[in-house]
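As given, the protein sequences belong to chains A and B, one line each in that order. Its first residue numbered 5, the first sequence is counted upward by one per residue in our numbering. Its first residue numbered 532, the second sequence is counted upward by one per residue in our numbering. Backbone N, C-alpha and C fix where the C-beta goes; we use that ideal spot for every residue, glycine too.
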Amino acid sequence: MSTRQWGAWAVLSDRADLSETAWRQRLRARNPWLLWFLSELVVVEDGTQTLKDAINAALRDWSESMDTTHYVMGTVCGPHPFPQMVTYFQSIIGREAREQMLQAAHTLPTRVYACVGGGSNASGIFAGFLDDPQVELIGVEAGGLGFDTGQHAARLAQHVGRPGVAQGYKTCFLQNAEGQMQPTHSVAAGLDYIGVGPILAYLHQIGRIRVEAATDAEVLETLKLVIRREGIIPALESAHAFVTALKEAPQLSPDEVILINQSGRGDKDIFTIAEALGDARWRAFLRDKVATWDREGARS
Amino acid sequence: MTPLETYLRQRLQRKKLLLMTHAVVGYPSLDANMAMLEAMQRAEVDVVELQLPFSEPIADGPVFVRANQQALQAGMNWERYFQFMQRVSSAFDMKILMMGYYNSVLQMGHETFCACLAEHGGSGFIVADLPPEEAGELFQHAATHHLSPIALMTPTNSMPRLQEIARHARGLVYCVARKGVTGKQTPLDDRLEAFIARCRRATSLPLALGFGLRTGADLRRLHGLADMGVLGTILLTTWEQGGAAQYELLLQDLRAATIA
């Protein structure tokens with residue numbers, strides 16, 4: 005059985021007038037490293053070339069292949085039963101985290117932090133604590149370049165997402181007055197999305213979860229901090245959860261425990277992370293590395 | 532019986548097969564849309580779907596996806612859409628259906644949408660992503676304004692499901708000949724005949740068959756099987772690749788197949 009993944013990347017033609025962004029996207033789509041994790045990567049060129057367009061493409065494929073396709077998207081969005089189904093799959097994280105927290109800290113966490121794009125990792129970790137009213141659940145959305153710039157994906161945190169129906173489900177979408185979806189932006193491709201899982205939107209509406217946003221700039225600063233202090237490389241998406249957790253931790257007493265869901269590993273996306281950090285030494289290193297291979301090639 | 536059904540039954544008395552066509556409003560331009568509709572009028576098209584562009588058209592294939600995006604980029608909005616519908620309904624005989632996605636209707640408001648559609652000369656609507664059990668209020672307003680909400684039946688629907696869909700259907704039923712999005716070819720085989728037969732058992736409304744029809748020859752195979760053939764993607768690709776002249780030829784080929 006094969007798995008296909010719809011990447012939110014564009015492959016554009018080899019024209020000389022290719023823009024800087026277009027060139028970068030094209031290169032990212034060709035990254036052979038990703039093929040170790042997938043059997044097939046389908047490149048989506050439609051629309052804004054973000055997560056929503058990959059979801060549209062997956063739904064279109066499913067409308068044809070529904071006899072044999074049952075797990076369409078990794079996120080908790082789309083038509084019923086996908087939000088419920090994916091939440092159930094992801095809930096193992098929350099169940100294990102709760103159990104391990106009781107073993108390691110002998111108490112439940114005061115707060116649980118998770119980033120929210122479509123919301124699969126948040127749904128998964130929150131699922132372990134929904135029946136523990138004393139545990140506060142905090143989702144962190146993409147604040148992008150800042151709310152004032154309009155370039156973000158803060159649908160719930162900024163209360164700008166309005167109820168709508170698209171991609172087969174109803175939730176709060178970033179849309180204009182006529183219901184056309186608006187462009188979103190985030191340094192993290194997985195959070196760069198117009199909607200949010202309908203179950204999460206409901207939990208937000210009834211006040212069970214709190215939702216904040218972290219900007220690209222905050223994410224990059226926190227990422228550096230976490231790499232240096234903890235020796236781990238969270239994915240850019242997960243780093244959003246770290247931002248809000250680290251911002252709020254000083255409000256808590258020393259005996260309180262918090263749980264941060266590191267939903268993705270950044271080492272898998274090291275090129276993306278290194279580029280986002282804008283480290284000139286990384287570029288120099290890569291140039292030297294390629295030069296080494298070129299020299300080896302010339303010798304053999 | 533809604534005005535649309537009455538109209539279709541009258542047309543069926545003198546034609547072997549009715550014809551429904553499609554245009555994405557605003558793509559490639561409103562002027563081009565007008566020229567398309569003039570060609571449709573000459574081909575005695577019975578019903579036209581005017582698609583209101585949407586940013587996430589999940590039921591559409593690549594040709595219409597691009598058309599939706601470009602129409603929106605060029606500034607298509609509700610006001611321009613309904614102005615255009617008004618022009619079409621004043622100038623031509625064919626009945627007009629709004630085709631689009633539910634979010635446009637939801638944001639406009641069910642009542643406003645139906646009132647606006649009726650006021651600008653629409654006869655009904657095809658909302659591709661709205662299941663009938665979610666459409667109660669919209670369908671009530673449609674009835675008030677004598678509009679036909681068009682139901683879709685597909686080969687994956689069970690018989691009880693087809694009957695449930697039929698319960699809500701007005702005007703005509705759109706039989707989607709296969710799974711998947713718009714714009715791919717459909718083999719017209721025995722399974723199709725069995726599917727149409729199932730739809731006939733579920734409803735007494737006229738049956739329109741769509742998804743993948745391309746030529747007059749395709750339409751002739753529907754004689755005695757369906758009441759109406761629906762063509763969309765092939766028309767737009769013909770316009771894009773062959774211009775107005777090829778578009779006219781295709782429509783005349785289709786027209787001939789509606790008579791004999």
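{"Query": "Tell me, to the nearest whole angstrom, how far the beta carbon of B/L637 is from that of A/G168; I am working on the premise that it is less than 8 Å.", "Result": "6 Å"}
{"Query": "Buried or exposed: A/K228, going by 16 or more other Cβ atoms within 10 Å of its Cβ?", "Result": "exposed"}
{"Query": "Would you say B/S679 faces chain A, with C-beta separation under 8 Å as the test?", "Result": "no"}
{"Query": "Could you pull out every residue in the same chain whose Cβ sits closer than 6 Å to the Cβ of B/Q572, ignoring the five residues on either side in sequence?", "Result": "F623"}
{"Query": "At what residue ranges does the region 680-730 of chain B contain a whole run of the alpha helix (DSSP H), taking only runs of 4 or more?", "Result": "690-699"}
{"Query": "Taking the alpha carbon of B/L693 as the point to measure from, which residue in B/T537, B/L738, B/A775 and B/F656 has its own alpha carbon closest?", "Result": "B/L738"}
{"Query": "Spatial neighbours of B/G655 within its chain, please: C-beta separation below 6 Å, excluding the five flanking residues on both sides.", "Result": "L535, L628, L678, S679, I681 and G702"}
{"Query": "Quick one: give me the first and last residue of the beta strand (DSSP E) that A/G168 is part of.", "Result": "R166 to A170"}
{"Query": "Whole-angstrom Cβ separation of A/L160 and A/H110, contact assumed at under 8 Å?", "Result": "In fact, because the Cβ distance is near 33 Å, the residues do not count as touching under 8 Å."}
{"Query": "Under 8 Å by Cβ, that's how I've got B/T741 and B/A708 pegged, so tell me the actual separation to the nearest angstrom.", "Result": "Inspection of the sequence shows that residue 741 of chain B is occupied by Gly rather than by Thr. About 7 Å; that satisfies the 8 Å criterion."}
{"Query": "State the Cα-Cα distance for the pair B/M625 and B/E575, rounded to the nearest angstrom.", "Result": "8 Å"}
{"Query": "Assuming A/L240 contacts A/T276 under a Cβ cut-off of 8 Å, what Cβ separation, rounded to an integer in Å, is found between them?", "Result": "7 Å"}
{"Query": "Please list the residues of the region 579-597 of chain B that have a C-beta atom closer than 9 Å to any C-beta atom in chain A, keeping them in chain order.", "Result": "P584, F585, S586, E587, P588, I589, A590, D591, G592, P593, V596 and R597"}
{"Query": "Would the region 610-617 of chain B count as touching the region 546-564 of chain B if we require 3 or more Cβ pairs under 8 Å?", "Result": "yes"}
{"Query": "Buried or exposed, going by whether 16 or more other CB atoms sit within 10 Å of the CB of A/R102?", "Result": "buried"}
{"Query": "Would you call A/W66 buried or exposed, if buried means 16 or more other Cβ atoms sit within 10 Å of its Cβ?", "Result": "buried"}
{"Query": "Run the CB neighbour count on A/K56, radius 10 Å, all protein chains shown included, and call it buried at 16 or more, exposed below.", "Result": "buried"}
{"Query": "Report the option in B/L753, B/F726, B/V712 and B/L781 whose CA atom is closest to the CA atom of B/I589.", "Result": "B/V712"}
{"Query": "Using 7 Å as the cut-off, classify the Cβ of A/A101 as near or not near the heavy atoms of the ligand ATP, replying yes or no.", "Result": "Among the components of this structure there are no ligands whatsoever, and the ligand ATP is therefore not found."}
{"Query": "If you draw a straight line from the alpha carbon of B/I696 to that of A/N265, how long is it in whole angstroms?", "Result": "44 Å"}
{"Query": "Tell me whether B/Q777 sits in a helix, a strand or coil according to DSSP, three-state version.", "Result": "helix"}
{"Query": "Drop a sphere of 10 angstroms on the beta-carbon of B/F595, count the other beta-carbons inside from all chains shown, and report buried for 16 or more, exposed for fewer.", "Result": "buried"}
{"Query": "One question on the structure: do B/L581 and B/V619 come within less than 8 Å of each other, judged by their Cβ atoms?", "Result": "yes"}
{"Query": "Whose Cβ in chain B lies nearer than 7 Å to the Cβ of A/M185?", "Result": "S586 and E587"}
{"Query": "Alpha carbon to alpha carbon, how far is B/L782 from B/E569?", "Result": "11 Å"}
{"Query": "Spatial neighbours of A/T226 within its chain, please: C-beta separation below 7 Å, excluding the five flanking residues on both sides.", "Result": "A243, F246, V247 and L250"}
{"Query": "With C-beta atoms as the reference, is A/V144 less than 8 Å away from A/C119?", "Result": "yes"}
{"Query": "Per DSSP, what kind of secondary structure is A/Q179 in: helix, strand or coil?", "Result": "strand"}
{"Query": "Could you check what DSSP says for B/C647 in three-state terms: helix, strand or coil?", "Result": "helix"}
{"Query": "Applying a beta-carbon distance threshold of less than 8 Å, which residues of chain B neighbour A/G172?", "Result": "I589 and D660"}
{"Query": "Looking only at its own chain, which residues have a Cβ that is under 7 Å from the Cβ of B/H754, when we skip the five neighbours before and after it?", "Result": "K547 and L548"}
{"Query": "In angstroms with no decimal places, state the Cα-to-Cα distance between A/T72 and B/R729.", "Result": "24 Å"}
{"Query": "Using alpha carbons as the reference points, say which of B/Q600, B/G773, B/L744 and B/A602 lies closest to B/A856.", "Result": "Since the first residue shown for chain B is 532 and the last is 791, residue 856 of chain B is missing from the structure and cannot be characterised."}
{"Query": "With DSSP run on the structure shown, which of helix, strand or coil describes A/Q209?", "Result": "helix"}
{"Query": "For a contact meaning CB atoms closer than 8 Å, what does A/L63 contact in chain B?", "Result": "I589"}
{"Query": "Taking C-alpha atoms, which residue in A/E216, A/I213 and A/C176 lies nearest to A/Y197?", "Result": "A/C176"}
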